[in-house]
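Asker:
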Amino acid sequence: MKKKIRFYQSINTKIVFVIVLLLVFALQLIGANFITQIERQLIANFQEDRQVQMSFLESTILPYLEIEESGEQSEVDPEQEIGDLLTEFSGSGITDLQVVDSELIVLGTSDTTQQNIVGQLSDDVDLRQAQITENSIPRQVIDQVTQNRRWKMVEPVFSSGEESQFLGAILMESNIESVYTQISQITLIFLQSSAVAIVLSLILANMVSRALTKPIKEMQIQTRQIAEGDYSGTLKVYGEDELGQLAGSINDLSDDVADAQELIDAERRRLDSVLTHMTDGVVATDRRGKIMIINEMAQLMLDRTQEDALGQNLLSVLDIEEEITLRRILEKQDEMLVNSKQNGIPIILRASFSLIQRESGFISGIVCVLHDVTEQERIEEERKQFVSNVSHELRTPLTSMRSYIEALADGAWQDPDLAPRFLEVTQNETDRMIRMIQDLLHLSRIDSGKSSLNLEIVDLTEMLDHVLNRFDMLIHSAEYEGKNHQIKKDILQESVFVEVDPDRIIQVLDNIMNNAIKYSPDGGTIIGKMEKRADTVLISIRDEGMGIPKSDISKIFSRFYRVDRARSRAMGGSGLGLAISKEVVEQHGGRIWAESTEGKGTTFYLSLPYVPYEEEEWE
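Numbering (numbering that gives the first Met the number 0), first residue to last: 0 to 618.
This is how it looks when you write it as structure tokens:
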């Protein structure tokens with residue numbers, strides 16, 4: 000925003016003011032010295048002229064005073080001659096001339112109005128002083144009537160003989176006011192000339208100032224445009240002086256800043272793109288821990304909008320204020336796990352901290368990188384659980400086998416009744432462990448991507464019918480003796496051809512049917528149903544067993560997970576069947592899930608992709 004500059008704050012005004020002030024100061028200095036010197040010179044000339052006149056008058060009057068002092072008879076009347084001489088001398092600025100004898104008796108005066116004082120004793124103080132001191136007395140006096148300044152001189156007159164004798168004195172008063180009037184006129188002329196010079200200097204200074212400030216103003220406008228991000232302007236270079244070089248430097252600076260800004264903008268866009276498309280969340284703060292930057296992924300991870308997060312304390316946003324302090328982060332930059340929610344789903348984040356530090360060591364902020372480790376933590380937890388379950392599952396049969404083998408080693412092998420039974424238990428536990436290891440190897444191959452499918456186009460309707468018929472026969476065998484289950488079929492009457500690995504899909508169906516039979520009460524009914532939808536085939540197997548608690552529905556496809564561990568182990572289950580079924584179905588691009596009501600039964604759903612085949616394709 001352009002700030003308005005007042006008139007007196009303008010550099011143009013300051014330059015004009017400085018130039019005029021310097022001129023006035025110079026004129027004052029010159030004028031004071033000039034007027035003083037003129038005054039001294041004029042007064043000195045005036046006094047010198049009067050002194051010359053006084054000397055001439057003294058030499059002229061001296062013979063008459065000598066005659067007057069000697070008292071001798073002469074053809075010449077001294078008083079008359081003196082009077083005539085004074086009358087002739089009274090011009091040229093002389094206002095009054097008086098001559099007195101040695102007794103201070105006035106012999107003559109130039110003032111025609113004061114002729115009555117001739118022959119009288121003078122009462123002038125300076126004449127009396129001259130008689131006493133016998134020295135010339137010049138001084139300036141003020142006329143009591145006109146208040147004008149006058150120059151008064153009293154010159155004693157001495158005889159010309161070897162012995163100087165005081166013969167009398169001459170009093171001269173002249174109008175020195177004319178000198179001061181002349182000085183005043185000179186001063187007035189000087190002041191008028193100074194005023195004209197000041198006015199002209201104002202005009203000239205303004206022209207000079209504008210010539211200086213015009214490129215400065217252009218530089219000001221250009222630098223403001225540069226500050227606002229407009230680098231298109233170019234300054235006009237008026238010369239090769241300092242201002243011209245400065246204008247050229249600003250033009251070069253504008254080009255350099257434009258290039259630098261373009262580079263910064265490109266880097267900022269690149270950084271924004273990186274931050275936007277990062278799979279990790281990034282949060283940057285100032286040195287006090289207030290959030291300044293947060294990318295979209297961090298907003299999703301922390302379930303906060305940018306408006307909610309900016310300006311907030313990082314520790315409060317991460318909800319770790321009670322676990323760690325900002326000082327510890329600045330000192331240690333420890334990593335830590337943070338619990339959060341994404342779209343209402345709990346997630347686990349690993350927060351890594353690093354400092355934004357200048358070369359001087361000053362810490363200007365903190366960068367926090369958030370990585371979603373929910374899946375890693377889940378896998379790690381499952382791995383620990385898996386190791387624990389495998390160890391537990393293997394320890395149970397191994398402990399049983401060890402007990403029976405120790406009994407046989409202690410002599411039970413010789414007992415014809417116990418030995419076969421002990422060996423049968425040992426063999427069953429061995430078969431159980433082999434089946435478990437085979438299931439684990441199967442899962443391992445699926446996890447590593449080494450398990451391939453032998454795909455064939457099969458009639459899924461026929462396959463499901465075959466599996467249900469087979470289990471309908473099995474429930475009447477000795478293995479399921481004492482359980483009066485019923486298997487009902489609700490399958491399609493038409494053939495539905497799908498591309499699957501028949502052995503794997505039969506394994507999945509067998510596993511689901513086995514679980515349905517095992518967990519259904521005596522006399523329970525198991526219903527196998529098949530539906531055809533737009534692009535999938537849906538198979539469902541429903542039992543009337545004990546059901547699965549709602550909290551366990553999402554866990555039943557986990558490895559070694561059992562709803563009722565004691566009962567499942569008693570029935571020979573390893574806890575891997577449903578996990579293998581899920582992996583096999585997902586290999587085929589399908590989906591498996593369960594719905595259950597505790598105490599009323601469970602329904603397993605198997606959905607496989609289905610592409611209808613036209614009859615022409617089989618011709």
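From the three backbone atoms N, C-alpha and C, an ideal C-beta is built for every residue, glycine too.
Return the chain-ordered ranges of every alpha helix (DSSP H) run that is complete within the segment 155-188 and spans a minimum of 4 residues.
Answerer: For the segment 155-188, not a single whole alpha helix (DSSP H) run of length 4 or above is found.
Asker: Let's see if you can read the secondary structure: which residues bound the beta strand (DSSP E) around Ile591?
Answerer: Within the sequence shown, numbered from 1, the residue matching residue 591 stands at position 592. Taken as a continuous stretch (DSSP letters only), the beta strand (DSSP E) holding Ile591 covers 590-596.
Asker: Checking the sheet assignment: what are the DSSP bridge partners for Leu61?
Answerer: The sequence position of residue 61 within the sequence shown is 62, counting from 1. Looking at the DSSP assignment, Leu61 forms no beta bridge with any residue, so it has no partner.
Asker: Under a three-way DSSP split, which group does Gly343 fall into?
Answerer: Within the sequence shown, residue 343 is the residue found at index 344, counting from 1. Of the three classes helix, strand and coil, the one that applies to Gly343 here is coil, per DSSP.
Asker: In this structure, does DSSP put Asp307 in helix, strand or coil?
Answerer: Taking the sequence shown and counting its residues from 1, one reaches residue 307 at position 308. Three-state DSSP puts Asp307 in a helix.
Asker: Taking only runs of the beta strand (DSSP E) that begin and end inside the segment 342-419, which ones reach a length of at least 3 residues, in chain order?
Answerer: Whole beta strand (DSSP E) segments, 3+ residues: 344-356, 362-371.
Asker: Between which residues of its own chain and Ser539 is the CB-CB distance below 6 Å, once the five residues before and five after are set aside?
Answerer: Indexing the sequence shown from 1 puts residue 539 at position 540. Only Lys528, Thr602, Tyr604 meet the Cβ criterion.
Asker: Reducing DSSP to helix, strand and coil, say where Phe496 ends up.
Answerer: Locating residue 496 in the sequence shown gives position 497, where the first residue counts as 1. Of the three classes helix, strand and coil, the one that applies to Phe496 here is strand, per DSSP.
Asker: Let me know the secondary structure DSSP gives Pro501 once reduced to three states.
Answerer: Counting from one through the sequence shown, the residue named residue 501 turns up at place 502. Here Pro501 sits in helix by DSSP.
Asker: Among Ala593, Glu498, Lys517, Ser595, which has the Cα closest to the Cα of Met586?
Answerer: Position 587 of the sequence shown, counting from 1, holds the residue named residue 586. Looking at the sequence provided, one finds Gln at residue 586 rather than Met. Considering only alpha carbons, the answer is Glu498.
Asker: With C-beta atoms as the reference, is Met218 less than 8 Å away from Leu203?
Answerer: Reading the sequence shown from its first residue, position 219 is the one you call residue 218. Reading the sequence shown from its first residue, position 204 is the one you call residue 203. Not a contact, by the Cβ cut-off of 8 Å.
Asker: For Thr535, which residues does DSSP report across the bridge?
Answerer: For the purposes of this step, residue 535 is taken as the residue at position 536 of the sequence shown. Answer is Pro608, bridged to Thr535.
Asker: Is it right to say Pro155 is buried, meaning 16 or more other beta carbons lie within 10 angstroms of its own, or is it exposed?
Answerer: Your numbering for residue 155 matches position 156 in the sequence shown. Classification of Pro155: buried, given that the 10 Å Cβ count is 16 or more.
Asker: With Ile136 as the anchor, note down where its beta strand (DSSP E) starts and where it stops.
Answerer: As a working note, residue 136 is residue 137 in the sequence shown. Element bounds for Ile136: 136-141.
Asker: So is Pro77 buried or exposed if we call it buried at 16+ other beta carbons inside 10 Å?
Answerer: In the sequence shown, residue 77 corresponds to position 78, counting from 1. Result: buried.
Asker: Could you say which of Asp551, Gly600, Thr596 lies nearest to Pro520 if we only look at CA atoms?
Answerer: Reading the sequence shown from its first residue, position 521 is the one you call residue 520. Cα-wise, what sits closest to Pro520 is Gly600.
Asker: Mapping DSSP to helix, strand and coil, what is Thr132?
Answerer: Position 133 of the sequence shown, counting from 1, holds the residue named residue 132. Three-state DSSP puts Thr132 in a helix.
Asker: Within 10 angstroms of its Cβ, does Ser595 collect 16 or more other Cβ (buried), or is it exposed?
Answerer: Translated into positions along the sequence shown, residue 595 becomes position 596. Buried, by the Cβ-count rule.
Asker: Measuring straight from C-alpha to C-alpha, what distance separates Ser89 and Glu172?
Answerer: Locating residue 89 in the sequence shown gives position 90, counting from the first residue. Locating residue 172 in the sequence shown gives position 173, counting from the first residue. Cα-Cα distance, rounded: 10 Å.
Asker: For Thr108, name the three-state secondary structure that DSSP assigns.
Answerer: Translated into the one-based positions of the sequence shown, residue 108 becomes position 109. Of the three classes helix, strand and coil, the one that applies to Thr108 here is strand, per DSSP.
Asker: By Cβ distance below 7 Å, which residues in the same chain neighbour Tyr237 in space, the five residues on each side in sequence not counted?
Answerer: Position 238 of the sequence shown, counted from the start, is the residue given in the question as residue 237. Pro214, Gly243.
Asker: Quick one: give me the first and last residue of the beta strand (DSSP E) that Thr278 is part of.
Answerer: On the sequence shown, residue 278 is found 279 positions in, with the first residue counted as 1. Looking at the DSSP string, Thr278 is not in any beta strand (DSSP E), and its letter there is neither H nor E.
Asker: Using only the alpha-carbon positions, how far apart do Asp110 and Leu85 sit?
Answerer: Along the sequence shown, one-based indexing puts residue 110 at 111. Along the sequence shown, one-based indexing puts residue 85 at 86. When rounded, the distance between both Cα atoms is 9 Å.
Asker: Give the straight-line distance between the Cα atoms of Leu491 and Val368, rounded to the nearest whole angstrom.
Answerer: The residue given as residue 491 occupies position 492 in the sequence shown. The residue given as residue 368 occupies position 369 in the sequence shown. For Leu491 and Val368, the distance between alpha carbons rounds to 55 Å.
Asker: For Arg377 and Arg431, I'd like the C-alpha separation in whole angstroms.
Answerer: Numbered from its first residue, the sequence shown carries residue 377 at position 378. Numbered from its first residue, the sequence shown carries residue 431 at position 432. Straight-line Cα distance between these residues: approximately 28 Å.
Asker: Following the continuous beta strand (DSSP E) through Ile552, name the residue where it begins and the one where it ends.
Answerer: Here residue 552 is taken as the residue at index 553 of the sequence shown, counted from 1. No beta strand (DSSP E) contains Ile552, which DSSP labels as neither H nor E.
Asker: Should Ala297 be labelled buried (16 or more other beta-carbon atoms within 10 Å of its own) or exposed?
Answerer: Working through the sequence shown from its first residue, we reach residue 297 at position 298. Buried, since its Cβ has 16 or more Cβ neighbours within 10 Å.
Asker: Check whether the Cβ atoms of Leu336 and Leu325 lie closer than 8 Å to each other.
Answerer: By one-based count along the sequence shown, residue 336 stands at place 337. By one-based count along the sequence shown, residue 325 stands at place 326. Their beta carbons are not under 8 Å apart, which means Leu336 does not touch Leu325 by this criterion.
Asker: Indicate whether the contact test is met: 3 or more Cβ pairs, each with one atom in the segment 287-295 and one in the segment 331-345, closer than 8 Å.
Answerer: Too few Cβ pairs lie closer than 8 Å, so no.
Asker: Starting from Glu530, follow its DSSP beta bridges and name the residues at the other end.
Answerer: Taking the sequence shown and counting its residues from 1, one reaches residue 530 at position 531. Answer is Leu537, bridged to Glu530.
Asker: I think Tyr230 touches Val256, with their Cβ atoms under 8 Å apart; what is that distance to the nearest whole Å?
Answerer: Residue mapping note: residue 230 aligns to position 231 of the sequence shown, counting from 1. Residue mapping note: residue 256 aligns to position 257 of the sequence shown, counting from 1. Confirmed, Cβ separation roughly 6 Å.
Asker: Between the alpha carbons of Val98 and Ile116, how many angstroms are there, rounded?
Answerer: Counting from 1 along the sequence shown, the entry for residue 98 is found at position 99. Counting from 1 along the sequence shown, the entry for residue 116 is found at position 117. Approximately 11 Å between the Cα atoms of the pair.
Asker: Note down, in chain order, each residue of its chain lying with its Cβ closer than 7 Å to the Cβ of Val140, except the 5 sequence neighbours on either side.
Answerer: In the sequence shown, counting from the first residue as 1, residue 140 sits at position 141. Correct list, in chain order: Arg149, Lys151.
Asker: Mind checking who Arg268 pairs with in its DSSP beta bridge?
Answerer: For the purposes of this step, residue 268 is identified with residue 269 of the sequence shown, where counting begins at 1. Paired residues: none, contrary to the question.
Asker: Run the CB neighbour count on Glu322, radius 10 Å, all protein chains shown included, and call it buried at 16 or more, exposed below.
Answerer: Walking along the sequence shown from the start, residue 322 turns up at place 323. The residue in question, Glu322, is exposed, as its Cβ has fewer than 16 Cβ neighbours within 10 Å.
Asker: Is the separation between the beta-carbon of Asp123 and that of Leu170 shorter than 8 Å?
Answerer: Numbered from its first residue, the sequence shown carries residue 123 at position 124. Numbered from its first residue, the sequence shown carries residue 170 at position 171. Closer than 8 Å, so yes.
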